[in-house]
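Okay, structure first, notes after.
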Amino acid sequence: MFDNVWLIPILPFIGFLINGLFGKKIKNETVIGTIAAGAVFGSFIVSCMTLYKLLSLGSEERLAEVKFFSWITSGTFNADVAFLIDPLSCIMIMIVSGVGFLIHLYSIAYMHGEEGFYRYFAYLNLFTFSMFLLVLGNNLLLMFVGWEGVGLCSYLLIGYYFHKKSAGDAGKKAFVMNRVGDFGFLLGLFTLFWYMGSTHNVWTITFSEMAKTSHLLPTGGVVTVITLCFFLGATGKSAQIPLYTWLPDAMEGPTPVSALIHAATMVTAGVYMIARMNYLFIRSPETLTVIAVIGACTALFAATIGTAQNDIKRVLAYSTVSQLGYMFLAMGVGAFGAGVFHLMTHAFFKACLFLGSGAVIHSMHGALHHAHSHDDAQDMRNMGGLKSKMPITFATFLLATIAIAGIPGFSGFFSKDEILWQAFSNPHHGSLNILLWGMGAIAAGLTAFYMFRLVFMTFFGECRITPKAKDHLHESPLVIVIPLIVLAGLSVVGGYIGIPKVIGEVLGGIPNYFEHYLDPVFKYSEEYMSVHGAHGGIHNIALEWGLMGTSVLIAIIGITVAYALYVSNTGIPVKFVAAFPALHRAVYNKWYIDELYDFMIVNPCKSFSQFLWKGFDVIVIDGAVNGVAKSVMALSGVFRLMQTGLLSNYAWSMAFGVVVMLSYFILK
Amino acid sequence: MANFNGYLIISAILFSIGTIGVLTRKNSIVIFMCIELMLNAVNLTFITFSRYLGNLDGQIFVFFIMTVAAAEAAVGLALIIAFYNNKDTIDVDEVQLMKW
Amino acid sequence: METLFFLIISLVAIVSAILVITCKNPINSALALIMTFFCLATYYVMLDAPFMAAVQVMVYAGAIMVLMVFTIMLLNIRVNATRQQSHKVLFSIILGFFTLINTLVIIFKSRAALPTGPYSGDMIKNIGHTELIGKEMFTNFLLPFEITSILLLAAIVGAVILAKKKI
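Written out as C-alpha cells, the structure is:
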C-alpha cells in the first residue's frame, strides 16, 4: 500500500550526500539548488501520493506501518526502522515537504552568491531528512533520532555565518537548551518503557502498541512523571517557557532557515510529539494543566516582548514563540486536533511572513550596500514606505499578517478561535479555563498589535533610509516571489478545511473536515474522555459566538492601536516611552530573562566548571595522569641503567635467565 | 652403559667452557669460536644418545647442525668483516649504537 | 685400555677448550679449537659413528676453522690488550659453573629412557655407518636435506652482500 514511502526521507538524504560530498566541486549554484529543491519536491510528490492513498481508505483503516528492517533487538527491547502512516504523520509530511520545497526554492535566490552555498543546501536537505524521520518514525527511538537530527541541523544552520561570533553563540545556545529538553525526552522514554514493561509486561516503544495498551496506564501518578518529562523535551524543541530564549537568538541564521526550521517545522516537533502521544497526556490532568498554563503564559509573555522589538526578524521570532504557546495551550486543554490545525495554518502564514521579511532584508541589504551605508538592514526603524517599492511582497505580507491577527475569513482565525473556544469550554481545568481564555485573547490582541506595528513600520509611512539607497530598493526576483504568493494563498484559504462547527452550521452544515480527518489519531483519548469525563465541556452556541466576537474585537482593537500609534500619530510611542521608561526598557530587553538565566544558571555553571577545571581537572585528573607518567619515567630511569649497550652484559643476562629457568624446571 | 656417562660429562664441561668464553671474551672472533665450541658439545651429546638409544635420528640432526654452523660461519664472519670495515675494531663492546 | 684412551682424549679436549677461551691471540685460540674438534672426532669414532667423525674433521676442522683463521689473518688485528673486568669474569665463571650443573642434571635425568631404536652397535659394524646414514638421510629426511640447500644459498648471498666494502 505505502511501499514507496521510504522515498520521502531518502530523497533529501541523497540530496544531502550529493551536495555535502561533491557540492564544493560542483560549484554551480543552479545545479546545487536544483538538486536540493528537486529532492524535496520529489518528497512532496510522494507525500501527496501517500496522502491520496490514505484518504482513499476508510477512516478507521487509516493506519499503516511500513517496516524496513530491524534496527535494535536486545532481549525484550525491539526497535525497528519502520514508518507510521496515519492522518497525523501525513499532514506533517505534507507540511514539511510542501513548505520545505517552497523554502528551498526561495533559498536559491536568497542565498545567491553566499560563501558555502552548497553547505547551506546540504544542511537544509539533512534537516528535511531528519524532520521526515521524526514525523514518520513509528517508535520513540526513531523519533528521537530525527529529534536529535533536526536539533543538529538547527545548530549548524543557526551558526551558518560562523565567522560572526553572535551566530556561533546563538547556535551553541540553541544546542545546549535543546539538550536540556532532550534529556527530558529520554527520561520520559526510559520511564515509560520501564514502567509499562515491569508492571504490565508490555515492553514496547512503538506508538501503535503504546496506544493499544494505553488503557493499562493509571490516571495521574507515574503517567504525570512520564508526560512531564516528555513535555520538558517539547519545551526545549518548541521554545516554550522556560526554554524559549534560544529561538529569538536563532534568528542569526539565514532568513529562510528561520522560516523553515524556526517557524514552520522543527519548532512544532514538540506539538507533534504531544499530539502523537495524546493518549498518555490525556491520562494526566496535572500535566495537562501544566501544559495549558505554560502555553498560555508563553503566548502572552512572548507577545509582550514582541511589541517592543525593532529587529524585524526578532518580532517574528517572538511571534513564533507566542503562536507555539497557542499550540501548547490547545494541547493542554485536550484540543489536539485544534492544536495540529493551528500548527498547519501557522506553518503557512509564519513561513510567508519570514520569507517576506527575508525579501525585505535582502532588498534593504542590497540597497544599503550600494549606498555604502552601515545601517542595520534588519532594523525596522530604517525601513518604511516599502509598499510602493515591493508591492507583491507587501501584498503577501499583509495577507499573512491578517491571517495571524485572526481576522475572520483567514486561516489564522479558524485555528486560533477554535483553540480559544476549547480553552474556554474544555472539561479539564475547571475555573482555570476563563483565565486561560483571557490570556489567549489578550495575546491575540497583542499579536494583532505587534504584527500590524511591523507592517506599518516596514511598509507604510516615509522611507527612512538615505535617498541614495532608496533608489536601489526593488522587488525581489521571481523565485522569491512565487513561494510568497503560494504561501500567502495558503494562509488565506488553508483555514477552510477546518471550519469550526458553529460557523459550519450557519454556512449550511459544512463539517470540520480537518477534525474528522484527525479523529482516528485521537480515538484513544476520546475513549478515555468518554469514560472519565467528569463534567463534560460547555456546549453553548451563543456563548461561542460571543467569545468569537470578543476575540475578533480584541484583534481589531490591536490593529487600530497599531494604526493610531505608527501611522496616523507617530509621536505617541515616543511619548509613551518617555512616560514609562522602566517598562519600555524591561520589555525591550525581553524582561531581562536572558540576564536572569545568566545570573541563575549560566554563571553558577561557569564558576562550577571553572572550579572543576582549575581545581579538579588540573590538580586531580592531570595530577594522576602526569603522576603515572612521571613514576614510569622515574622507574625507567632505573631500568635504563641496565641498557649498557655492552654485549657481554646482555649475553650474561640471557645466560642467567636460561640458568634460572632450567633450575626452576629441575627443582620443580 | 657406564662409558656413555663419560661422553656426556665431557660434553657438559665443554658446553660450560664455551659459555664462559662467550661471556668473558671481547674479541668477536673468539666469541664466535666459543659458540662453535658450544655447538660441538651439543653435537657430542646428540651422537652419544643416538648411539645409546640405537636411533640414527640424532646423528642426522648433527648433520644439519653442521650445515647451519657452516652457514653461520660464512655469514657471521662476513658480519665481522663488515663491522671491522666500519669501526676498525672487532671488539664487541664497541657495538653499542642501540644504547640509550 | 679404552678407558685410559678416553681419559687422555678428554684431558686434551678440556685443556684445549680452556685454551680457546684464555689465549690472548685469536690465532692460538683457533688452533686450540681445532685440537678440540679433533678430539671430538675421536669420540665420534669411539661411538661407532665414523661418518660423523669424517664430516666433523672436514667441515669443522677443515672448512669452518680455515675460514676463521683466514679472517683473522685478513683483518690482521693487533692483539688486544684490554681484558674483561675481573668481576665480570668471576660472575661469568659462576654462571658457567651453574650451567655445568644444570646441564649434567638434565642430561642424567633424561637418561631414564631405555634403548628403543633398531641400530645396535653390531648392526652398524656389519652394514656400515655411512650406508645407514645415507639411507636415513635420503628417505626419511629428504625434505629437510633439500631445504638445507636453500639455507646455504641464502648464507652465500648474505655473506657476499655483507662482506662488500661499503654497506
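Protein chains in written order, with the working numbering: chain X, 1 to 668; chain D, 1 to 100; chain S, 1 to 167.
Virtual Cβ for every residue (Gly too), placed ideally from N, Cα, C.
All figures in this text were calculated on a predicted structure; none of them were measured in a lab.
Kindly identify the DSSP beta-bridge partner or partners of Asp80 of chain X.
Here residue 80 of chain X refers to the residue found at position 80 when the first sequence is read from its first residue. Its beta-bridge partners are X:Ser70.
Reduced DSSP secondary structure (H/G/I, E/B, other) of Ala64 of chain X:
As a first step, residue 64 of chain X must be located in the first sequence, where it is residue number 64. It is a strand residue.
Met633 of chain X versus Ala624 of chain X: straight-line alpha-carbon distance, rounded
Position 633 of the first sequence, counted from the start, is the residue given in the question as residue 633 of chain X. Position 624 of the first sequence, counted from the start, is the residue given in the question as residue 624 of chain X. When only Cα atoms are considered, Met633 of chain X and Ala624 of chain X end up about 14 Å apart.
The stretch 21-43 of chain D: which residues have C-beta closer than 9 Å to a C-beta of chain X, in chain order?
Those would be Val22, Leu23, Thr24, Arg25, Lys26, Ser28 and Ile31, in chain order.
How would you write the range of the alpha helix (DSSP H) that Gln59 of chain D sits in, first residue to last?
Residue 59 of chain D sits at position 59 when you count from the first residue of the second sequence. Asp57 to Lys87 is the span of the alpha helix (DSSP H), which, as asked, contains Gln59 of chain D.
Can you tell me which of the three DSSP states Ser11 of chain D falls into?
Here residue 11 of chain D corresponds to residue number 11 of the second sequence, with the count starting at 1. If DSSP states are grouped into helix, strand and coil, Ser11 of chain D belongs with the helices.
Which same chain residues, not among the five before or five after Cys39 of chain S, have their C-beta less than 6 Å away from its C-beta?
Here residue 39 of chain S refers to the residue found at position 39 of the third sequence. So the list reads Ile9, Val12 and Ala13, once near-sequence residues are dropped.
Leaving out the 5 sequence neighbours to the left and right, which residues in its chain are closer than 8 Å to Cys90 of chain X when beta-carbon positions are compared?
On the first sequence, position 90 is the one that residue 90 of chain X refers to. Only Ser47, Thr50, Leu51 and Leu54 meet the Cβ criterion.
Excluding the 5 residues preceding and the 5 following Thr213 of chain X in the sequence, name in chain order all residues of the same chain whose CB lies nearer than 8 Å to its CB.
Position 213 of the first sequence, counted from the start, is the residue given in the question as residue 213 of chain X. Within the same chain, Thr213 of chain X has close Cβ partners Met196, His200, Val202 and Thr204.
Just the C-alpha distance for Ile35 of chain X and Asn19 of chain X, rounded to the nearest angstrom, thanks.
Reading the first sequence from its first residue, position 35 is the one you call residue 35 of chain X. Reading the first sequence from its first residue, position 19 is the one you call residue 19 of chain X. Going by the C-alpha atoms only, they are around 8 Å apart.
For Gln59 of chain D, decide whether its Cβ has a neighbour in chain S, counting only Cβ atoms nearer than 8 Å.
Taking the first residue of the second sequence as position 1, residue 59 of chain D is located at position 59. For Gln59 of chain D, the answer is yes, since a Cβ of chain S falls inside 8 Å of its Cβ.
Given a cut-off of 8 Å, decide if Phe230 of chain X and Phe183 of chain X are closer than it, judged by their beta-carbon atoms.
On the first sequence, residue 183 of chain X is found 183 positions in, with the first residue counted as 1. On the first sequence, residue 230 of chain X is found 230 positions in, with the first residue counted as 1. No, the pair does not count as a contact, with Cβ atoms beyond the cut-off.
Taking 8 Å as the threshold (beta carbon to beta carbon), is Ser648 of chain X in contact with chain D?
To locate residue 648 of chain X, count along the first sequence from 1; it is residue 648. Yes, contact with chain D.
With 16 other Cβ atoms within 10 Å as the buried cut-off, status of Leu77 of chain X
Translated into the one-based positions of the first sequence, residue 77 of chain X becomes position 77. Looking at the sequence provided, one finds Phe at residue 77 of chain X rather than Leu. By the neighbour-count rule (16 or more Cβ atoms within 10 Å), Phe77 of chain X is not buried but exposed.
Where Asn126 of chain S falls: helix, strand or coil (DSSP)
Reading the third sequence from its first residue, position 126 is the one you call residue 126 of chain S. Looking at Asn126 of chain S - three-state DSSP - the assignment turns out to be helix.
Let me know the secondary structure DSSP gives Asn626 of chain X once reduced to three states.
Reading the first sequence from its first residue, position 626 is the one you call residue 626 of chain X. Asn626 of chain X falls in the helix class under three-state DSSP.
Pick out whichever of X:Phe611, X:Met143 and X:Met251 has its Cα sitting closest to the Cα of Lys164 of chain X.
As a position in the first sequence, residue 164 of chain X is number 164, starting the count at 1. Nearest option by C-alpha distance: X:Met251.
Contact with chain B by Gly645 of chain X, beta-carbon distance below 8 Å:
No chain B appears in this structure, whose protein chains are X, D and S.
Report yes or no: is there a C-beta of chain S within less than 8 Å of the C-beta of Val75 of chain D?
Taking the second sequence and counting its residues from 1, one reaches residue 75 of chain D at position 75. Judged by the 8 Å Cβ criterion, Val75 of chain D is in contact with chain S.
Compute the Euclidean distance between the alpha carbons of Met1 of chain D and Arg25 of chain D, then round it to the nearest angstrom.
As a working mapping, residue 1 of chain D is identified with position 1 in the second sequence. As a working mapping, residue 25 of chain D is identified with position 25 in the second sequence. Its pLDDT being 43, under 50, Met1 of chain D is placed unreliably by the model, and nothing is read from it.
Would you say Val92 of chain D lies against chain S (beta-carbon separation less than 8 Å)?
Position 92 of the second sequence, counting from 1, holds the residue named residue 92 of chain D. No - not a single Cβ of chain S is within 8 Å of the one on Val92 of chain D.
Can you tell me whether DSSP reads Asn76 of chain S as helix, strand or coil?
Along the third sequence, one-based indexing puts residue 76 of chain S at 76. Asn76 of chain S falls in the coil class under three-state DSSP.
Taking buried to mean at least 16 other C-beta atoms within 10 Å of its own C-beta, is His104 of chain X buried or exposed?
By 1-based counting over the first sequence, the position of residue 104 of chain X is 104. Answer is buried; the Cβ neighbour count reaches 16.
For Gly137 of chain X, write down the residues that DSSP places opposite it in a beta bridge.
Translated into positions along the first sequence, residue 137 of chain X becomes position 137. Answer is X:Phe83, bridged to Gly137 of chain X.
Answer with yes or no whether the minimum CB distance from Lys24 of chain S to chain X is below 8 Å.
The residue you call residue 24 of chain S lines up with position 24 of the third sequence. No - not a single Cβ of chain X is within 8 Å of the one on Lys24 of chain S.
Reference Ala403 of chain X; option with closest CA among X:Leu329, X:Ile556 and X:Ser388
Position 403 of the first sequence, counting from 1, holds the residue named residue 403 of chain X. Minimum Cα distance to Ala403 of chain X is reached at X:Ile556.
Kindly say whether Leu17 of chain X, judged by its beta-carbon, lies nearer than 8 Å to any beta-carbon of chain S.
As a first step, residue 17 of chain X is located in the first sequence; it is residue number 17 there, counting from the start. Not an interface residue.
Mapping the DSSP letters down to three states, classify Ile556 of chain X as helix, strand or coil.
The count along the first sequence starts at 1 and reaches residue 556 of chain X at position 556. Helix, per DSSP.
Using the three-state DSSP reduction, which class does Thr206 of chain X fall into: helix, strand or coil?
Locating residue 206 of chain X in the first sequence gives position 206, where the first residue counts as 1. Of the three classes helix, strand and coil, the one that applies to Thr206 of chain X here is strand, per DSSP.
As a quick exercise: from X:Thr206, X:Tyr326, X:Thr298 and X:Pro256, pick the residue whose alpha carbon is nearest that of Arg276 of chain X.
In the first sequence, counting from the first residue as 1, residue 276 of chain X sits at position 276. Considering only alpha carbons, the answer is X:Thr206.
When you compare only the Cα positions, how much space is there between Met65 of chain S and Leu37 of chain D?
The sequence position of residue 65 of chain S within the third sequence is 65, counting from 1. The sequence position of residue 37 of chain D within the second sequence is 37, counting from 1. Rounded to the nearest angstrom, the two C-alpha atoms are 11 Å apart.
Run through chain X and tell me which residues come within less than 9 Å of Thr99 of chain S, C-beta to C-beta.
In the third sequence, the residue the question calls residue 99 of chain S occupies position 99. Simply Ala655, Val658, Val659 and Leu662.
Please list the partners that Ala634 of chain X has in chain D, where partner means a Cβ-to-Cβ separation under 8 Å.
Here residue 634 of chain X refers to the residue found at position 634 of the first sequence. Near Ala634 of chain X there are no residues of chain D at all, since even the closest Cβ is about 15 Å away, more than 8 Å.
Any beta-carbon of chain S closer than 8 Å to the one on Ile65 of chain D?
By 1-based counting over the second sequence, the position of residue 65 of chain D is 65. Ile65 of chain D does not count as touching chain S.
What does the Cβ neighbour count give for Phe281 of chain X, buried or exposed, with the cut at 16 atoms within 10 Å?
Walking along the first sequence from the start, residue 281 of chain X turns up at place 281. So Phe281 of chain X ends up on the buried side.
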